[in-house]
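The structure appears right after this line, and notes come after that.
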Amino acid sequence: MSKGFKIKRYNSRIYQKNRSKSYSPLAVAGTIALLAGLFVVGWFVYPPIYDLLTGQPAVSQSSSSQPQPSSQPEEVPSGSKPEEQTPAVNSALKAVYAPFALVKDSAKLEAMLQQASAAGYNALLFDVKDDTGKVLYNTENATAQDSAAVTQNPIDLKALTETLKKHKIQPVARLHTFKDHIMPKKNTEAAVHYQGQEMLWLDNFADKGGKPWLNPYSTQAQNYNIELAKECVDAGVAMVIADGVQFPNATGMNLATFGDTQGKTWDQALNDFVAKMDDAVTSKGARFAVAAPVSAVMESEGPKHLGKPYAYESTIAVNSMPSVWGAGNQAAGITNPVQNPYDTVLNSLRTAQSKTKQKLLPFVQAYTDKKIPEKNNKEYTKDDIAAQLKALDELKIDGHILYNPEGSYMF
């Protein structure tokens, strides 16, 4: 950069008093006017001359205090980053499941999120209420607290959702609904009763560990689950999956009573609840799905306690894992379904698609189910996972949930 010019002042006679001469007031006034004129001319002439000689614009006093427009993007201050966005709520959801213990271990969770993200997964499924009725997050719901349903050292749900968003991972909460053995003990009016009495119906003899259930007909039982779901969405959850949407399936059901059913069948009661919960969740901007085994979606007349999931007007988080067929040698037209993951998933989901118009979100088996007898079982590897994903691709199903109950994956 060239230097600006300096004005050098010499000992000119105009700055000295001349004791031998005197000036008239008129002359003094003329001199002052001349100097003022020269100053004004210099003020306007100086900038272009300065620009011409230096190649740089002179900064005027009137503009020096204002920021200058720039063609360059504004720099981000050191140490700060633009806010990262999670995947769009309507994007194809590819989730992995993490059990409670893993979610609570920050180091293991961090490692899992990095691996899952690198493998192309954009969502994490975790439980907020398990299939015993235990609430696993720091809920402020009074019913859950009064029922002593909140687990010790629960998940800080808001902190968890913020952590997931930093990894561009969508939080997906699984909430078990009527398969709840804790809340009905304190709130007996929301429970299934024994032969219309005050006594609660149990799913086995008391001395054999029989447990009460929430009554799907009960408005209180329905609202309890819906309020928990809404609270999860308020804490940042992007999708809620309702599981355990069913009536009890145990011996002694002939002794169970459900109070005022308003003339609704089991199917209608479950269907109405799903619609109500779907509306509550989606009206808050989140997604909703209801979990069901693939067999219940495939069959027009499936197990009564599960209702008719194929008739739901909601996304179905369908358990199409080969192990869902149990130890049976024949399922979905396939012999030994666990040993034939591709054919089993392809055939069962193809039939399910023919029964429902709703979007299917399948669970993909990513573990070896030790409950299956050895003669019908196999060790599941990455190839078996890939076989299931191939079946989904052929059926044009663009989302899934990779599932291992231990949260250990072969990415």
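Per UniProt numbering, residue 1 is the first one in the sequence shown, and the count goes up by one each step. The beta-carbon is built from N, C-alpha and C at its ideal position, and this holds for glycine as well.
In the DSSP assignment, residue 175 falls within the beta strand (DSSP E) that extends over 170–176. Ranked by Cα distance from residue 217, the options 392, 132 and 264 are led by 264. The Cβ-Cβ distance between residue 294 and residue 274 does not fall below 8 Å.
Just measuring C-alpha positions, the residue of 398, 148 and 259 sitting nearest residue 219 is 259. For residue 127, DSSP records a beta bridge to 174. Burial of residue 320 is indicated by the presence of at least 16 other C-beta atoms within 10 angstroms of its C-beta.
Excluding sequence positions up to five before and after residue 407, its CB lies within less than 6 Å of the CB of 98, 99 and 102, all in the same chain and listed in chain order. By the criterion of a C-beta distance shorter than 7 Å, residue 195 is surrounded in its chain by 255 and 257, once the five residues flanking it on both sides are discounted.
Cα atoms of residue 288 and residue 303: separation of roughly 23 Å, rounded to the nearest angstrom. Beyond the five residues adjoining it in sequence on each side, residue 173 comes within less than 6 Å, by CB distance, of 128, 232, 237 and 240 in the same chain, given in chain order.
Check the Cα spacing between residue 180 and each of 367, 245, 227 and 361: the tightest is with 245. CA-to-CA, the gap between residue 211 and residue 268 works out to about 25 Å. Residue 402: member of the beta strand (DSSP E) spanning 400–403, first to last residue.
Close CB contacts of residue 182 within its chain, under the 8 Å cut and outside five residues either way in sequence, are with 132, 133, 134, 147, 148 and 149 (chain order). Of 118, 160 and 119, the smallest CA-CA separation from residue 137 is found for 160. Shown here for residue 311: same chain residues with a beta carbon closer than 8 Å to its own, the five before and five after excluded, namely 267, 271 and 356 in chain order.
Counting the other CB atoms within 10 Å of its CB gives residue 145 a total below 16, which places it among the exposed residues. The DSSP-derived three-state label of residue 193 is strand. 8 Å or more divides the Cβ of residue 344 from the Cβ of residue 362.
Beta-bridge partners of residue 95 (DSSP): 123 and 401.
When 358, 286, 167 and 296 are compared, the shortest CA-CA separation from residue 111 is found for 167.
Residues 382 of the same chain have their beta carbon placed closer than 6 Å to that of residue 410, with the five preceding and five following residues left out of the count. In this structure, the CA atom of residue 333 is about 7 Å from the CA atom of residue 347. Under DSSP, residue 319 takes part in a beta bridge, and its partners are 293 and 363.
Under a 10 Å Cβ-count criterion, residue 285 is classified as exposed, with fewer than 16 other Cβ atoms of the shown protein chains found around its own Cβ. Annotated three-state conformation of residue 219 is helix, per DSSP. Cβ neighbours of residue 298 within its own chain (closer than 7 Å, five residues either side excluded): 348, 351, 352 and 355.
For residue 241, the three-state secondary structure derived from DSSP is strand. Sixteen is the threshold: since fewer than 16 other Cβ atoms of the shown chains lie within 10 Å of the Cβ of residue 207, the residue is exposed. In the DSSP assignment, residue 135 falls within the unbroken beta strand (DSSP E) covering 135–137. According to the DSSP assignment, residue 150 belongs to the beta strand (DSSP E) that extends over 150–155.
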